[in-house]
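Participant:
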Amino acid sequence: MVREISAGGIVTRMQDGEWWVAVIELPKASQQAADSSALAAKQAKPVLALPKGLVDPGEKPIETAPREVYEETGLTADVITKLGDIKYVYTRTWAGGERVFKIVSFYLMRYRTGHIDDITPEMRIEVGRAFWIKLEEALHVLAYKGEKQMARKAMQYLNEHPET
Ligand code: ATP
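16 is the number of the first residue of the sequence shown in the numbering used here; add one for each residue after it.
1. Cβ of Leu-69 within 7 Å of any heavy atom in ligand 1?
2. Indicate the three-state DSSP secondary structure (helix, strand or coil) for Thr-79 in the structure shown.
3. Count the C-beta pairs between the stretch 62-73 and the stretch 22-33 that are closer than 8 Å, then say yes if the count reaches three, no if not.
4. Quick one: complete beta strand (DSSP E) runs, 3+ long, within the stretch 132-175?
5. Exposed or buried, which one is Glu-175 when buried takes at least 16 other CB atoms within 10 Å?
6. Pull up the CB-CB distance for Ala-153 and Val-38, whole angstroms please, since I reckon it's below 8 Å.
7. Quick check: the Cα distance between Glu-83 and Glu-33, rounded to an integer number of angstroms?
8. Just to confirm, is the Cβ distance from Ala-138 to Glu-78 under 8 Å?
9. Is the beta carbon of Leu-90 sitting closer than 8 Å to the one on Gly-143?
10. Checking 8 Å against the spacing of the C-beta atoms, do Met-124 and Pro-81 come in under that value?
11. Give me the DSSP bridge partner(s) of Val-70.
12. Could you pull out every unbroken beta strand (DSSP E) segment of at least 3 residues lying fully inside the stretch 79-126, listed in chain order?
13. If we call anything under 8 Å between Cβ atoms a contact, is Pro-76 one with Ser-120?
14. Mind checking who Thr-128 pairs with in its DSSP beta bridge?
15. Can Leu-157 and Ala-166 be called in contact, C-beta distance under 8 Å?
16. Starting from Ala-37 and walking both ways along the beta strand (DSSP E), at which residues does that stretch end?
17. From what residue to what residue does the beta strand (DSSP E) around Ala-59 run?
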């Protein structure tokens, strides 16, 4: 099976006594492609995900995560710790419909600078919009189980390390 390795970030920020996290809403076209049923496509529920992307040749995942975060959200952020890997299999809707085994490493990150959603026009193919939501809310509204688990781990880490 084809393999893909990606990396991404949970970018956190404390504001008004609460933790916030940067998420992206996929563009409408890719949301429909991701939906398996016609009914789901019609209902067009926004697909919320964490910023991530493929690890480039010669790049380390810990370098990919902040690069992808910047490209997809417009934010610069520093890595605090690795949270874990998520794994899934999907079928390509292009290139002969191959099955892909994918591993995505997620890093907990601290917001440094930038305005959310300040991204290049080219990036709009991948990102409908980027915005902050409460970390607590992310546990429920992120589209994928693996990413919800990462948000839960982030919350645990932040509770156990109040100095962050
Ligand atoms: P990348 O952001 O790593 O460059 P991509 O945008 O090309 O990747 P994915 O986000 O992996 O591709 O999406 C490919 C397929 O996998 C889509 O159908 C998507 O719905 C599905 N998918 C994405 N993330 C997950 C996940 N965490 N769990 C299960 N399926 C997922």
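Positions of the beta carbon are idealized from the N, C-alpha and C atoms, including for glycine.
Facilitator: The structure says:
1. In the sequence shown, residue 69 corresponds to position 54, counting from 1. The beta carbon of Leu-69 sits closer than 7 Å to at least one heavy atom of ligand 1.
2. The residue you call residue 79 lines up with position 64 of the sequence shown. Note: Thr-79 maps to helix in three-state DSSP.
3. yes
4. 144-149
5. Position 160 of the sequence shown holds residue 175. Result: exposed.
6. Here residue 153 corresponds to residue number 138 of the sequence shown, with the count starting at 1. Here residue 38 corresponds to residue number 23 of the sequence shown, with the count starting at 1. Beta-carbon to beta-carbon, Ala-153 and Val-38 are separated by about 6 Å, close enough to satisfy the 8 Å threshold.
7. In the sequence shown, counting from the first residue as 1, residue 83 sits at position 68. In the sequence shown, counting from the first residue as 1, residue 33 sits at position 18. Roughly 25 Å separates the two Cα atoms.
8. If you number the sequence shown from 1, residue 138 lands on position 123. If you number the sequence shown from 1, residue 78 lands on position 63. Reading the sequence as shown, one finds Met at residue 138 and not Ala. In this structure, Glu-78 does not lie closer than 8 Å to Met-138 by Cβ.
9. On the sequence shown, position 75 is the one that residue 90 refers to. On the sequence shown, position 128 is the one that residue 143 refers to. Going by C-beta atoms, Leu-90 is not nearer than 8 Å to Gly-143.
10. For the purposes of this step, residue 124 is taken as the residue at position 109 of the sequence shown. For the purposes of this step, residue 81 is taken as the residue at position 66 of the sequence shown. Yes, Cβ-Cβ distance for Met-124 and Pro-81 is below 8 Å.
11. If you number the sequence shown from 1, residue 70 lands on position 55. Val-70 pairs with nothing; no bridge assigned.
12. 91-106
13. Translated into positions along the sequence shown, residue 76 becomes position 61. Translated into positions along the sequence shown, residue 120 becomes position 105. Cβ distance < 8 Å, so Pro-76 and Ser-120 count as in contact.
14. Indexing the sequence shown from 1 puts residue 128 at position 113. Looking at the DSSP assignment, Thr-128 forms a beta bridge with Thr-91.
15. For the purposes of this step, residue 157 is taken as the residue at position 142 of the sequence shown. For the purposes of this step, residue 166 is taken as the residue at position 151 of the sequence shown. Yes, Cβ-Cβ distance for Leu-157 and Ala-166 is below 8 Å.
16. Reading the sequence shown from its first residue, position 22 is the one you call residue 37. 33-40 is the extent of the beta strand (DSSP E) around Ala-37.
17. The residue you call residue 59 lines up with position 44 of the sequence shown. From DSSP, Ala-59 is part of no beta strand (DSSP E); its letter is neither H nor E.
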